[in-house]
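Asks:
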Amino acid sequence: MIDMFLQDILPNVLKILLIVVPLMLSVAYLTYAERKVIGYIQVRIGPNRVGLWGLLQPIADALKLLLKEVIFPAKSNLYLFLVAPVLAIGPALAAWAVMPFDDGMVLANIDAGLLYILAITSMSVYGVVIAGWASNSRYAFLGALRSAAQVVSYEIAMGFALVGVLIAAGSLNLGEIVLAQQGGFWHWYFIPLFPLFIVYFISGVAETNRAPFDIAEGESEIVAGFHVEYSGMAFAIFFLAEYADMILISMLAATLFMGGWLSPFDGIPVLESFFSWVPGLVWLLGKTAIFLFLYLWFRATFPRYRYDQIMRLGWKVFIPVTLVWLVIVSTAQVFDIGPWFTESAVITAGGG
Amino acid sequence: MLENYLPILLFIIIGIGFGVLPLLAGFVLGPRHPDSEKRSAYECGFEPFEDAHMKFDVRYYLVAILFIIFDLEIAFLFPWAIVLDEIGVFGLLAMFLFLGILVVGFIYEWKKGALEWE
Numbered sequence: 255m256i257d258m259f260l261q262d263i264l265p266n267v268l269k270i271l272l273i274v275v276p277l278m279l280s281v282a283y284l285t286y287a288e289r290k291v292i293g294y295i296q297v298r299i300g301p302n303r304v305g306l307w308g309l310l311q312p313i314a315d316a317l318k319l320l321l322k323e324v325i326f327p328a329k330s331n332l333y334l335f336l337v338a339p340v341l342a343i344g345p346a347l348a349a350w351a352v353m354p355f356d357d358g359m360v361l362a363n364i365d366a367g368l369l370y371i372l373a374i375t376s377m378s379v380y381g382v383v384i385a386g387w388a389s390n391s392r393y394a395f396l397g398a399l400r401s402a403a404q405v406v407s408y409e410i411a412m413g414f415a416l417v418g419v420l421i422a423a424g425s426l427n428l429g430e431i432v433l434a435q436q437g438g439f440w441h442w443y444f445i446p447l448f449p450l451f452i453v454y455f456i457s458g459v460a461e462t463n464r465a466p467f468d469i470a471e472g473e474s475e476i477v478a479g480f481h482v483e484y485s486g487m488a489f490a491i492f493f494l495a496e497y498a499d500m501i502l503i504s505m506l507a508a509t510l511f512m513g514g515w516l517s518p519f520d521g522i523p524v525l526e527s528f529f530s531w532v533p534g535l536v537w538l539l540g541k542t543a544i545f546l547f548l549y550l551w552f553r554a555t556f557p558r559y560r561y562d563q564i565m566r567l568g569w570k571v572f573i574p575v576t577l578v579w580l581v582i583v584s585t586a587q588v589f590d591i592g593p594w595f596t597e598s599a600v601i602t603a604g605g606g
Numbered sequence: 608m609l610e611n612y613l614p615i616l617l618f619i620i621i622g623i624g625f626g627v628l629p630l631l632a633g634f635v636l637g638p639r640h641p642d643s644e645k646r647s648a649y650e651c652g653f654e655p656f657e658d659a660h661m662k663f664d665v666r667y668y669l670v671a672i673l674f675i676i677f678d679l680e681i682a683f684l685f686p687w688a689i690v691l692d693e694i695g696v697f698g699l700l701a702m703f704l705f706l707g708i709l710v711v712g713f714i715y716e717w718k719k720g721a722l723e724w725e
């Protein structure tokens, strides 16, 4: 029993903490970056009082939330009220188990990686629905309904977009999907699967209930939506889950469409050797940061969608677009058409 | 192969821990002064005069049903996409037939107005 603990469980727990602790720090500093970036976009300075350039602001926020009272609404269903935040953060963190950070640098190298991520991120909608139901507050209830319908709608578009990646890569293993994009940035899937890439990222923004799709917590209509009755640490957990999901969506976009840890200079004569010392993790984090910046940029730029516009975009634009592109991609893959869909055939012929 | 799933199990447990521990810390460190006004549901200062578990629009239900159909479709597409190179033209046509039936249903629900939100 102790042997098993030392050999199997302890190293894995340490590795998990090696993922989760930096992730939590990233979440904290993503909130800081959000306030700074939106501040500068609106010609303000943003937080600058706590520590140098306001760098200790996220720490101060966390401490403040920790010391606030957790209020239980009198009419709420206490058990579900407490389960909801746990259901929100659990899947948001557990999805990171299969994320490849560099060649071979992955906690659980399973062949069903992408399926696992799709399955476990679907769980997070339960957190929202249960929070809205258990609060027994009108705003929370409306916010949960809206959020649930929106999230499941965009999950379809997102699923179809992922099928396109699977056709091109021929594997569900995230590491193999990245390796299938080797050979220079023109092999990355954002070029041949461009419409799916756009649909994927916009659906990702909608999935995480971020602006301009943040109708679930539209301040001007339903105050804060599903977490209006949550305070203190219970609120902080929802907050952590939302930002962890944002980082997850961004890193998945980088992995599936932008070559993951691969260098953007691969295959370019001089630059390739010039940048070959840079570890893959740096490229992956850089690409992720670009997508996270897009999230913040969207929030500062676009006005909030109306609910019928959100549903129309999801059902009447994205689903037809992805269906048509799936037909094109699968046909190209089977008949080896075009510059992108011939490689796997060559590899099969050479290997077999 | 199966031992690769152990870290996932551990990760799920740790993820739940990251939900439970801050909640406990919030209980221990935060003040506890509940009163009836503080514990009432927030409705911009109005007294909540009935249960908030009210009737809601049937279209939310419709979206949920449509979601099940399309999500099942995606579940069928996943294995098909992986082995597409091996099953070739026959697999392609079979899935086109399947997608065609789905598209007919999709057009029907579109024309029926199931996707309208006024």
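Taken in sequence, the protein lines are chains C and X. Position in the first sequence (from 1) plus 254 gives the number in the numbering used here. Position in the second sequence (from 1) plus 607 gives the number in the numbering used here. The beta-carbon is built from N, C-alpha and C at its ideal position, and this holds for glycine as well.
(1) Out of C/Ala402, C/Thr576 and C/Val583, which has the shortest C-alpha to C-alpha gap to C/Leu411?
(2) I'd like to know if C/Gln587 contacts chain X, where contact means its C-beta is closer than 8 Å to some C-beta of that chain.
(3) From C/Leu369 to C/Gly513, what does the alpha carbon distance come to, in whole angstroms?
(4) Kindly indicate the opening and closing residues of the alpha helix (DSSP H) around C/Trp551.
(5) Which residues of chain C have a Cβ atom closer than 8 Å to the Cβ of X/Leu679, listed in chain order?
(6) Chain C beta carbons: is any one of them nearer than 8 Å to that of X/Val670?
(7) Considering only residues of the same chain and omitting the five flanking positions on each side of C/Val291, which have a CB-CB separation below 6 Å?
(8) Three-state secondary structure (DSSP) at C/Met412?
(9) Would C/Ser378 and C/Asp499 qualify as a contact pair, given that the criterion is a beta-carbon distance under 8 Å?
(10) Output yes if chain C places a C-beta closer than 8 Å to the C-beta of X/Tyr649; else output no.
(11) Are the region 380–397 of chain C and the region 437–455 of chain C in contact at 8 Å, needing three or more beta carbon pairs?
(12) For C/Leu535 versus X/Pro614, is the C-beta distance shorter than 8 Å?
(13) Looking at C/Ile501 and C/Ser280, is the spacing between their C-beta atoms short of 8 Å?
(14) Using 8 Å as the cut-off, can you tell me whether the region 615–634 of chain X makes contact with the region 337–356 of chain C, which would need three or more C-beta pairs spanning the two stretches below that distance?
(15) Please work out which residues of its chain come closer than 7 Å, Cβ to Cβ, to X/Glu716, disregarding the five sequence neighbours upstream and downstream, and give them in chain order.
(16) Could you check the C-alpha separation between C/Leu320 and C/Leu548 for me, to the nearest Å?
(17) Closer than 6 Å by C-beta to C/Ala492: which residues in its own chain qualify, once you throw out the five before and the five after it? Chain order, please.
(18) Spell out whether any CB of chain C is found under 8 Å from the CB atom of X/Gly695.
(19) Three-state secondary structure (DSSP) at C/Asp499?
(20) Tell me the DSSP bridge mates of C/Asp356?
(21) Check whether the region 320–335 of chain C and the region 390–409 of chain C are in contact - that is, three or more C-beta pairs closer than 8 Å.
(22) Along chain X, which residues have their Cβ under 8 Å away from the Cβ of C/Leu426?
(23) Expressed to the nearest angstrom, what Euclidean distance is found between the alpha-carbon atoms of C/Lys269 and C/Trp515?
(24) For C/Pro301, I'd like the list of residues in its chain whose CB is within less than 6 Å of its CB, leaving aside the five on either flank, ordered along the chain.
(25) So which residues on chain C does X/Tyr667 lean against when the C-beta distance must stay under 7 Å?
Replies: Reading from the atomic positions:
(1) Contrary to the premise, residue 411 of chain C reads as Ala rather than Leu in this sequence. Nearest of C/Ala402, C/Thr576 and C/Val583 to C/Ala411, Cα basis: C/Thr576.
(2) yes
(3) Straight-line Cα distance between these residues: approximately 19 Å.
(4) Gly534 to Thr555
(5) Within 8 Å Cβ-Cβ: nothing; X/Leu679 doesn't reach chain C, min ~10 Å.
(6) yes
(7) Leu550
(8) Helix.
(9) yes
(10) yes
(11) no
(12) At a Cβ-Cβ threshold of 8 Å, C/Leu535 and X/Pro614 do not count as neighbours.
(13) yes
(14) yes
(15) Answer for X/Glu716: Leu673 and Leu722, listed in chain order.
(16) 30 Å
(17) Before going on, a small fix: residue 492 of chain C reads as Phe here, not Ala. Around C/Phe492: Pro339, Ala342 and His481.
(18) Proximity of X/Gly695 to chain C, defined by a Cβ-Cβ separation below 8 Å, is satisfied.
(19) helix
(20) C/Met359
(21) yes
(22) Phe685 and Ile689
(23) 19 Å
(24) Arg289, Gly308 and Gln311
(25) Simply Leu399 and Ala403.
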